[in-house]
Amino acid sequence: MRLPDSVTGSFLVVLGAAAAYGGYILPPVPGQPVGPNVFPLVIGIGLVLCGLAIVFGIGHSFEEEEELVPLEDGQVAAAPPPQSKLYGLRALLPPALLLFYVAAADRLGFIITAAIMVYVTSTALGAKWKLALPLAALSPFAIHLIFGKLLRVPLPAGLLPTPW
Amino acid sequence: MLKTLIEAFALISTWEVIIAMFAASVYGLVIGSLPGLSATMATALLVPVTFYLSPIAAIATIVAASSMAIFSGDIPGALLRIPGTPASAAYADEAYAMTRKGQAELALGAGVWFSAVGGIAGVLSLMILAPPLAEIALSFSTFEYFWLALLGLMCATLVARSSPVKAIAGMFLGLLVSCIGIENPGGVPRFTFGITDLFGGIEPIPALVGVFAVAQVMRAMLTPEPPPLPRRKFGSIMAGQWKLTKLYHWQMTRGNIVGIIIGVLPGAGADMAAWVSYAMSKRFSKEPEKFGTGHVEGLVEAGASNNASIASGWVPSLLFGIPGDTIAAIAIGVLYMKGLNPGPTLFTEKASSMYAIYLMFIIANILMIPLGIAMIRVAAYILLAPRSAIMPIIMLCCAVGSFAIGNNMFGVVTVAAFGVIGYVMEANGYPVAAMVLGIVMGTMVEQAFVTSLIKSDGSILPFFERPVAAILAAMAIGALLWPVMVWVWRKVKPAQTAAATGR
């Protein structure tokens, strides 16, 4: 997900310009010299300037490279992750699962949705079914007990209500 | 004063506070000791729980969990060479080298003992510094508040281990996020795009949980699992600590002082305190050649420093509502929620609550010693828990916790969105802490800015007229311009050198 500075800098320029324009078109407060438009204008201009500075490499020399810790004798190096392009997309799994929760929790209920989330995350992180399955079966009940029962957060019952 | 102190004692000696504090301590120790889960994340995940507690119990959980998590980050650092929290990263190599020399007990004992001492020094600074500063703060107008808030934001960018320009950009992004909603000088929907859920604005807490917790789970998806912990039997943890205290009393004091100063600076937290103190310890040591080979001196100074910064980070938070670090940023959210609005009047109107906070800090740091020793002994079992079992639970807590903030699914969407934002920013060298400070402080900065502009009838000059405002303005503008100045200087210098050598 590492993008060139020119790309992120240009994005900031566009975002800053949009923010400044968005602020500019806001209605002013009658009889007052300043209103809700001033702050977005200032921020927008700031973002544009920062974006331009990043595109031109100002401040790049301050960035510290991540230090790699050398391995000790007897320590086994972890296998390097596969280099396929699609491998990077795995990182999007957690936010995708959160959106799945938003879409499904009311219909399926907390327990079933949570169990699916736990199972998928756990297997994606390399857990065997012997760990992932009991974890998916038990942890939603534990979380429901803490948040739903003790803290009274209204969690949806859906298809599988809890015994309490 | 005695009456206030007795009232404060009464406030904290309820079963609710005692149980909350104990549970939060254990929770903080466990989360801090798991590699990859930071003290900030531990605190952020705790916030939904604080909704259901009394104000003092809520603050108690934040105080206890954050102090414990900063210490327990040392445990995997010493045993696995993987720091549990970024604050322990500065000396993880040193602690691990001691473990390899068979001095694991001494390294971990120094961690727990000097963390507790540092934490108590930090709270003493909070008790001594805060009241006189509050008196000065009472004379501040919106002009001073504006510059102070800006300076706070700037400090966060100065200390970032990244490009200052990127840090400033991150801060602007945070401020832009804080613009969303109808809470603005005109009361008009701003950047809401017709989405009713955005009318209330973006809450800082789901944003924090997103960038600190979800982004961490996202990173775990792509990084290999840390190696398992080799089995080890520990001897006495506290043996030799008193000897170390006498031998390195000056290093300990210096660590405490540096930690307190860094903590008070808005935006610079325990991570920075540990790095600076470790570097200072090496710089001024009589035996610098021993550093890196398993020498305890740096551990003493940095361990004392990072915990001292936790308590002193509450000074700007309680006085001005400007967070000292990301943990204090979360604490401010909780303070507001519980009606303890930060500001100098807190010291006069809610004095007993203030004393209760001091007392809780002291108790948390004393409690750290027995609980810390117990934690070190059971760490071997906790560190056996595979990441594939911990991360799914954290994901679930993110979903339920963010829903609980407003009993609204929009909180979960916010967490997911900020997870992606935090992940992309971190991957590209944009410090997320700067953005978080922007989100937390945005409304305050805008209010101070717009109110000042209305008072001055649109003129910029009054922003510099009052003496304190002028000094704060000079500092803030200097901080804003220094990356450009350094860049220009570096460009000019080679040209001058080339001209001087006649090439």
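If you read the sequences in order, they're chains A and B.
Following UniProt numbering, the numbering of the first sequence begins with 1 at its first residue and continues without gaps.
Following UniProt numbering, the numbering of the second sequence begins with 1 at its first residue and continues without gaps.
Just so it is clear, CB atoms sit at the ideal spot from N, CA and C, and this is done for glycine as well.
Quick caveat: nothing in here was measured; it's all calculated off a predicted structure.
query: For GLY181 (chain B), the three-state DSSP class (helix, strand or coil); result: strand
query: Backbone CA spacing between LEU131 (chain A) and ILE120 (chain B) [nearest angstrom]; result: 42 Å
query: One or two residues paired with ARG190 (chain B) in a DSSP bridge; result: B:GLY181
query: Short CB-CB distance (under 8 Å) between PHE199 (chain B) and chain A; result: no
query: For ARG152 (chain A), the three-state DSSP class (helix, strand or coil); result: coil
query: Per-residue DSSP class, three states only, for TRP314 (chain B); result: helix
query: First through last residue of the alpha helix (DSSP H) which encompasses HIS249 (chain B); result: 249-264
query: Helix, strand or coil at SER162 (chain B) [DSSP, three-state]; result: coil
query: Proximity test, Cβ basis, 8 Å: VAL69 (chain A) and chain B; result: With a pLDDT of 44 at VAL69 (chain A), under the threshold of 50, the modelled position of this residue cannot be trusted, and the question is left open.
query: Cutoff 8 Å: LYS166 (chain B) Cβ touching any chain A Cβ; result: yes
query: Same chain only: Cβ atoms within 7 Å of ALA58 (chain B), ignoring 5 sequence neighbours per side; result: THR50, VAL334, LYS338
query: Within the region 416-459 of chain B, ranges of the alpha helix (DSSP H) (whole runs, at least 4 residues); result: 432-455
query: HIS249 (chain B) burial status per 10 Å Cβ neighbour count (16 or more: buried); result: exposed
query: Residues of the region 378-394 of chain B whose Cβ lies closer than 8 Å to any Cβ of chain A, in chain order; result: PRO386, ARG387, SER388, ALA389, MET391, PRO392, ILE393
query: Selected residue, minimal CA-CA separation from VAL29 (chain A), among B:LYS101, B:VAL450, B:ALA479, B:ALA470; result: B:VAL450
query: Same chain only: Cβ atoms within 8 Å of VAL48 (chain A), ignoring 5 sequence neighbours per side; result: LEU12, VAL13, GLY16, ALA17, ALA20
query: Complete beta strand (DSSP E) runs within the region 108-133 of chain B (minimum length 3 residues, chain order); result: none
query: Cutoff 8 Å: LEU145 (chain A) Cβ touching any chain B Cβ; result: no
query: Residue-chain proximity (LEU208 (chain B), chain A), Cβ-Cβ < 8 Å; result: no
query: Closest residue to ALA169 (chain B) among B:ILE262, B:PRO462, B:TYR430 (Cα-Cα distance); result: B:TYR430
query: Residue of B:VAL400, B:MET435, B:GLY269 minimising C-alpha distance to ALA167 (chain B); result: B:MET435
query: Bounding residues of the alpha helix (DSSP H) (the contiguous stretch that carries SER6 (chain A)); result: 5-24
query: Proximal residues to SER452 (chain B) (C-beta, below 6 Å), its chain only, five neighbours per side dropped; result: THR142, PHE143, PHE146
query: Partner residues on chain D for THR162 (chain A), Cβ-Cβ distance less than 9 Å; result: Structure shown: chain D not included; protein chains present are A and B.
query: Assumed close pair VAL400 (chain B), LEU155 (chain A) - CB separation to whole angstroms, cut-off 8 Å; result: 7 Å
query: Distance CB(GLY303 (chain B))-CB(MET444 (chain B)) smaller than 8 Å; result: no
query: DSSP state of THR223 (chain B) mapped onto helix, strand, coil; result: coil
query: Among B:SER352, B:LEU175, B:ASN256, nearest to LYS3 (chain B) - alpha-carbon criterion; result: B:SER352
query: Among B:CYS397, B:ILE12, B:LEU437, B:LEU173, nearest to THR8 (chain A) - alpha-carbon criterion; result: B:LEU173
query: C-beta neighbour in chain A for PHE449 (chain B), strict 8 Å; result: yes
query: CB contact flag (GLY259 (chain B), SER305 (chain B), <8 Å); result: yes
query: Below-8 Å beta-carbon distance, VAL49 (chain B) vs any chain A residue; result: yes
query: Straight-line Cα distance separating ASP93 (chain B) from ALA270 (chain B); result: 18 Å
query: Neighbourhood of ARG254 (chain B) by C-beta, 6 Å cutoff - its chain only, sequence neighbours within 5 removed; result: none
query: Within chain A, partners of ASP457 (chain B) - CB distance below 8 Å; result: PRO33
query: Straight-line Cα distance separating PRO392 (chain B) from PRO370 (chain B); result: 30 Å
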